[in-house]
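Line by line, the protein sequences give chains A and B. Following the numbering used here, the residues of the first sequence are numbered contiguously, the last one being 121. Following the numbering used here, the residues of the second sequence are numbered contiguously, the last one being 104. The beta carbon of each residue, even a glycine, is placed where N, CA and C say it ideally should be. Input: a single structure, listed below in structure tokens.
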Amino acid sequence: GESVGLHLPTLSVQEGDNSIINCAYSNSASDYFIWYKQESGKGPQFIIDIRSNMDKRQGQRVTVLLNKTVKHLSLQIAATQPGDSAVYFCAEIHQGAQKLVFGQGTRLTINP
Amino acid sequence: DAGVTQSPTHLIKTRGQHVTLRCSPISGHKSVSWYQQVLGQGPQFIFQYYEKEERGRGNFPDRFSARQFPNYSSELNVNALLLGDSALYLCASSLVWATEGYTFGSGTRLTVV
């Protein structure tokens, strides 16, 4: 069946360190993946995306890595800041169904 | 520019009642989708509308319905509310019929008692 899961439900890091959030997906036919950040009381906010024909994409302080062989996705946040505290979701797009399939989420906590 | 706006922000209903949630997409966006987010979980797809037509439907019962108006705003209706319908209901809009470039609203928090 369809599922996008996460390895860890919580992650705690020191301010200034790098954070790595992982995600496993099950549908090898998915061709587009997105990372979202959701702060308390808000809707998901787009962070970065990657297509299945790529294995790495970089943004401002964030990098997404895609390993299609093991169906694994990761989000790396450099020099983590207090404002990075949130729940992070990976989402998979089934183009044929025109919908996002979200994982459960990882809560990132920044320690001062 | 205004983002995706949803109303109301919070709502409390009794079991068996019905509810209507509203969404206004970003100006120029023609596609609206609805998601349900139960506490502690990721959002689940309910509906997608584009140009006033339903383009996709998730695994939700017929108690859930939606529509899109000529101005591209949308309503989500839920009948015969159950306690399990308590959730954050998210609306997302995009420019065209595609999930790329989704922008989410802040959601409506529905509590069924």
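>> Between which residues of its own chain and G49 (chain B) is the CB-CB distance below 8 Å, once the five residues before and five after are set aside?
In response: Working through the second sequence from its first residue, we reach residue 49 (chain B) at position 58. Same-chain partners within the cutoff: Q35, F36, I37, F38.
>> Assuming V71 (chain A) is part of the beta strand (DSSP E), what are its boundary residues?
In response: The count along the first sequence starts at 1 and reaches residue 71 (chain A) at position 62. Where V71 (chain A) is concerned, the enclosing beta strand (DSSP E) stretches over 71 to 76.
> If the cut is a Cβ gap below 7 Å, which residues of chain A does G96 (chain B) touch?
Replying inline: Taking the second sequence and counting its residues from 1, one reaches residue 96 (chain B) at position 105. Within 7 Å Cβ-Cβ: G52.
>> For A83 (chain B), would you say it is in contact with chain A, using Cβ-to-Cβ distances shorter than 9 Å as the test?
In response: Within the second sequence, residue 83 (chain B) is the residue found at index 92, counting from 1. The beta carbon of A83 (chain B) sits closer than 9 Å to some beta carbon of chain A.
> What residues match up with R48 (chain B) in a beta bridge as DSSP calls it?
Replying inline: Looking up residue 48 (chain B) in the second sequence gives position 57. DSSP lists B:F38 as partners of R48 (chain B).
>> Short of 8 Å Cβ to Cβ, which residues in the segment 53 to 65 of chain A face chain B?
In response: Within the segment 53 to 65 of chain A, the residues whose Cβ lies closer than 8 Å to some Cβ of chain B are P53, Q54, F55, D58, listed in chain order.
>> Counting only Cβ-Cβ distances shorter than 8 Å, please list the residues of the segment 86 to 101 of chain A near chain B, keeping chain order.
In response: Against chain B - using a Cβ distance shorter than 8 Å - the residues of the segment 86 to 101 of chain A are F98, A100.
> Any idea if Q8 (chain B) is buried or exposed, counting beta-carbon neighbours within 10 angstroms, 16 or more meaning buried?
Replying inline: Translated into positions along the second sequence, residue 8 (chain B) becomes position 17. Around the C-beta of Q8 (chain B), fewer than 16 other C-beta atoms lie within 10 Å, and the residue is accordingly described as exposed.
> Which residues, in order along the segment 61 to 85 of chain B, keep a beta-carbon less than 7 Å from a beta-carbon of chain A?
Replying inline: Residues L81.
> List, in order along the chain, the chain A residues whose C-beta lies closer than 7 Å to that of Y40 (chain B)?
Replying inline: The residue labelled residue 40 (chain B) in the question sits at position 49 within the second sequence. Neighbours of Y40 (chain B) on chain A: none; closest Cβ ~10 Å, over 7 Å.
> Does the beta-carbon distance from Q56 (chain A) to L75 (chain A) come in below 9 Å?
Replying inline: The count along the first sequence starts at 1 and reaches residue 56 (chain A) at position 47. The count along the first sequence starts at 1 and reaches residue 75 (chain A) at position 66. Note on identity: in this sequence residue 56 (chain A) is Ile, with Gln being the wrong assignment. At a Cβ-Cβ threshold of 9 Å, I56 (chain A) and L75 (chain A) do not count as neighbours.
>> Once DSSP output is grouped into helix, strand and coil, what is the label at L74 (chain B)?
In response: Residue 74 (chain B) sits at position 83 when you count from the first residue of the second sequence. DSSP places L74 (chain B) in helix when its eight states are reduced to three.
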